[in-house]
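Using this note's numbering, you'd call the opening residue of the first sequence number 1 and step up by one each time. Even for Gly, the Cβ is constructed at its ideal location relative to N, Cα and C. Here the structure is a predicted model, which is why all the values come from computation and not from measurement.
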Amino acid sequence: MRWSRYPINTMKETPAEAEIASHRLMLRAGLIRRLAAGIYTWTPFGLRTLRKVEAIVREEMDRAGAFELLMPAVQPAELWQESGRWSAYGPELLRFTDRGDRAFVIGPTHEEVITDLARRELQSYRQLPVNFYQIQTKFRDEIRPRFGVMRGREFIMKDAYSFHIDEASLAAGYAAMRDAYTRMFTRMGLEFRAVRADSGAIGGSASEEFQVLAESGEDAIAFSDGDDYAANLEMAEALAPAGPRAAAAATLERVATPDVRTIAALGAFLGVPAARCAKTLLVEAEGGGVVALVLRGDHELNALKAQKLPGVAAPLRMASAEAVRAATGAEPGFVGPVGLACPVIADRSAALLADFVCGANAVDTHLTGVNWGRDLPEPQVADLRNVVAGDPSPSGRGRLGIARGIEVGHIFQLGRKYSEAMNCTVLDEASRPTALYMGCYGIGVTRVVAAAIEQNHDEHGIIWPGPIAPFQVVLVPLNIAKSQRVRETADRLYDEFTSAGLEVLLDDRDARPGAKFADAELLGIPHRIVIGDRGLEAGRLEYRQRRATANEEFAADDALAFIRSRLAAR
RNA sequence: CGGGGCAUGGCGCAGUCUGGUAGCGCAUCUGCUUUGGGAGCAGAGGGUCGCAGGUUCGAAUCCUGCUGCCCCGACCA
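Written as structure tokens, this is what we have:
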């Protein structure tokens with residue numbers, strides 16, 4: 001591609017709305033342009049990378065034996081009413097009516113449509129297992145779209161749905177998709193982890209997220225340094241500290257703590273570390289009333305774990321200030337587990353505290369030297385907290401570290417939720433109708449592009465991993481207007497490389513060297529060759545890998561062989 | 001949903017408080033010079049100042065309404 005004829009506009013200045021690196025760079029390098037909130041045009045340049053991601057996804061899905069199809073973006077409301085999600089999905093589902101006042105949605109996902117197709121097309125267990133996928137535009141009316149295509153409203157997703165006669169077959173199909181995903185993201189040159197996840201609103205049992213590791217990621221993930229255990233932070237189990245509880249040594253005392261309402265203030269006021277304090281959170285109980293959750297002062301409540309406990313209302317809601325007063329007789333800030341009438345559930349770590357500090361259920365008062373079993377009943381014990389870095393891994397090997405990630409893929413074993421709701425059955429070997437087991441497998445294709453940039457950039461611009469780079473090589477001839485020799489060499493290399501099947505961008509603009517270098521770095525093309533009179537005097541050209549900090553010289557006559565060796569190197 | 005903020009040329013902004021008919025940088029176009037890290041000079045084009053009302057001799061500026069967009073928050077013991 002000749003730059004002078006290519007419709008690409010780079011920006012020196014950053015549009016005000018862009019907060020994170022990938023969004024900024026995608027705008028500056030001209031990959032995307034905003035049309036409305038969370039809705040973007042992909043320019044020819046940006047589309048090159050998007051298509052590469054799609055191609056890798058397509059190849060690996062095909063290799064795994066899945067069949068590509070294409071479903072409608074617009075779906076009739078009846079299907080959503082049938083599955084129950086018409087009422088369950090909420091305002092993220094964009095609904096509208098046609099001229100005949102019939103209700104439709106723009107699909108945020110396609111379980112209903114594929115299940116409808118499957119119940120019509122699949123009649124026999126002999127047709128199973130089968131996996132259908134599509135690469136298609138979705139729409140989710142996000143409350144707060146942000147970060148460009150990272151969290152857009154309209155986006156491209158690869159979604160796949162598999163159908164099985166039994167759970168064993170589903171597990172095998174799920175494992176095949178897990179392998180396919182691992183191959184895809186590896187081929188794209190991304191650093192990622194497959195992490196255990198909550199299957200959430202979609203339902204079903206087993207579920208893993210594929211997270212591209214990046215500092216700016218929205219999700220926290222916990223991973224072991226001893227094996228390949230990785231889990232979404234909210235899913236990672238916090239084990240009990242090793243060893244028994246220390247024996248009670250202190251006596252119970254009431255201390256005045258005027259206006260000391262937080263763990264931080266309490267620790268400072270009494271000179272006690274947060275890990276020796278117990279914080280007591282009152283949450284709403286199932287069917288009214290409250291439940292007290294007790295955590296160590298240095299730990300955070302995990303809402304997901306808490307709301308799964310019997311007796312605790314789901315979704316988790318903190319008790320109102322009035323409810324706190326009613327249950328404890330004290331203001332929020334002075335709540336403790338001693339003498340409470342409501343159920344008390346302690347985190348595993350909190351249950352091992354001895355001689356601890358907690359609220360006294362009286363304003364401006366705390367208790368010190370508190371001990372379970374002596375000063376109050378032994379509590380019900382549960383895993384209630386988020387893991388922290390350094391915790392032992394639930395896998396039993398190694399310790400946990402916390403990293404941030406961007407969710408680019410999610411695979412689920414759905415089970416029979418949709419097939420039962422929508423009567424999707426086949427005849428089994430005994431000629432009996434049986435509901436199918438389903439798996440679903442998504443990849444945010446547009447988000448992958450943003451995540452790749454988020455993980456691979458520097459202060460100058462994008463650094464594309466080779467397999468998804470829009471071009472492999474950028475040729476930068478200098479002083480093109482004056483130097484015929486430079487011009488001819490550049491044209492020769494361009495023709496030679498292009499004929500050899502390389503994707504080459506030739507910067508044939510009559511621009512100054514600084515501008516060309518800056519643009520080449522902004523665009524992030526992995527391999528750069530500079531053609532200048534200075535080097536050509538000696539028959540030499542300059543090469544620089546986008547991540548490198550120094551130039552490498554090579555003979556102009558061996559250009560093709562040279563660049564091939566560098567392309568093969570990574 | 002709650003709170004805050006912003007809408008002025010393609011992009012980034014000033015001008016609004018204190019009303020007088022719109023300006024700066026980048027980008028774009030023309031010419032000359034320049035060519036190894038975002039060039040210089042000279043010139044040019046491009047804006048019904050988000051929309052609708054109102055006040056006024058006069059509104060980007062003041063008032064009212066609307067729309068769009070951005071940011072923050074949704075664990076406190």
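Taking C-beta to C-beta, are residue i and residue j nearer than 8 Å?
i: TYR181; j: ILE411; result: yes
i: THR446; j: LEU50; result: yes
i: VAL473; j: ILE480; result: no
i: GLY189; j: TYR40; result: no
i: VAL260; j: LEU266; result: yes
i: TYR161; j: MET438; result: yes
i: VAL294; j: VAL255; result: no
i: GLU331; j: VAL381; result: no
i: GLY311; j: VAL290; result: no
i: ARG547; j: ILE463; result: yes
i: ALA29; j: ALA176; result: no
i: MET422; j: SER124; result: no
i: PHE163; j: LEU117; result: no
What does a CB cutoff of less than 6 Å around residue i pick up in its chain, not counting 5 residues either side in sequence?
i: ILE135; result: GLU54, LYS158
i: ALA18; result: ARG24, LEU27
i: LEU523; result: ALA29
i: THR489; result: ILE531
Please state whether DSSP places residue i in a helix, a strand or coil.
i: LYS158; result: strand
i: HIS23; result: helix
i: LYS52; result: helix
i: PHE269; result: helix
i: THR446; result: helix
i: PHE223; result: strand
i: THR14; result: coil
i: ARG573; result: What the structure shows of the chain is the stretch from 1 to 570, and residue 573 is not part of that stretch, so it cannot be assessed.
i: GLY458; result: According to the sequence provided, residue 458 is Asp. The question's Gly does not apply to it. Three-state result, ASP458: strand.
i: LEU475; result: strand
i: ALA201; result: Since pLDDT at ALA201 reaches only 47, below the 50 mark, its modelled position is unreliable, and the value read off the structure follows with that caveat. ALA201: helix per DSSP, three-state reduction.
i: GLN127; result: helix
i: ALA292; result: strand
Could you give the distance in angstroms between the alpha-carbon of residue i and the alpha-carbon of residue j?
i: VAL130; j: PHE210; result: 23 Å
i: THR498; j: VAL476; result: 15 Å
i: ALA538; j: PHE471; result: 28 Å
i: HIS366; j: ALA247; result: 21 Å
i: ASN302; j: ARG385; result: 5 Å
i: GLU218; j: GLU407; result: 8 Å
i: SER393; j: LEU239; result: 8 Å
i: ALA242; j: ASP355; result: 18 Å
i: PHE96; j: GLU112; result: 17 Å
i: GLY271; j: ALA250; result: 16 Å
i: ALA435; j: ALA206; result: 19 Å
i: SER320; j: THR328; result: 12 Å
i: VAL448; j: LYS138; result: 15 Å
i: LEU505; j: ASP491; result: 11 Å
i: ALA514; j: HIS460; result: In the sequence on display, residue 514 carries Gly and not Ala. Their Cα atoms are separated by approximately 12 Å.
i: LYS482; j: GLU496; result: 23 Å
i: ILE202; j: GLN307; result: With a pLDDT of only 48 at ILE202, under 50, the local geometry of the prediction cannot be trusted, and the value read off the model is given with reservation. Answer to the nearest angstrom: the Cα atoms are 17 Å apart.
i: ALA450; j: VAL149; result: 7 Å
i: GLU553; j: PHE45; result: 29 Å
i: LEU560; j: PRO145; result: 45 Å
i: GLY401; j: ARG196; result: 15 Å
i: ARG99; j: ARG85; result: 24 Å
i: GLN81; j: PRO433; result: 23 Å
i: GLY73; j: GLY226; result: Per the sequence shown, residue 73 should be read as Ala rather than Gly. Looking at the two C-alpha atoms, the distance is approximately 44 Å.
i: SER431; j: ILE114; result: 24 Å
i: ILE468; j: ALA77; result: 38 Å
i: ALA66; j: LEU414; result: 17 Å
Between residue i and residue j, which are expected to be in contact by the criterion C-beta below 8 Å, what is the C-beta distance as a whole number of angstroms?
i: TYR229; j: SER395; result: 4 Å
i: TYR133; j: MET61; result: 5 Å
i: GLY390; j: ARG399; result: 6 Å
i: ASP507; j: TRP3; result: 5 Å
i: ILE20; j: THR43; result: ILE20 to THR43, Cβ: 19 Å. No contact.
i: PRO337; j: PRO379; result: 7 Å
i: VAL283; j: LEU316; result: 6 Å
Keeping to the same chain, check which residues put their C-beta closer than 7 Å to that of residue i; ignore five residues upstream and five downstream.
i: GLU92; result: PRO108, ARG140, ASP141, GLU142
i: ARG193; result: GLN211, LEU213, ILE221, PHE223, ALA230, GLY405
Under 8 Å Cβ to Cβ from residue i, same chain only, skipping five residues before and after it: list those, please.
i: ASP347; result: ALA238, LEU293, VAL294, LEU295, ARG296, HIS299, VAL381, ALA382, ASP383, LEU384, ARG385
i: ARG416; result: ALA435, LEU436, TYR437, MET438
i: ASP428; result: TYR125, ILE165, THR434
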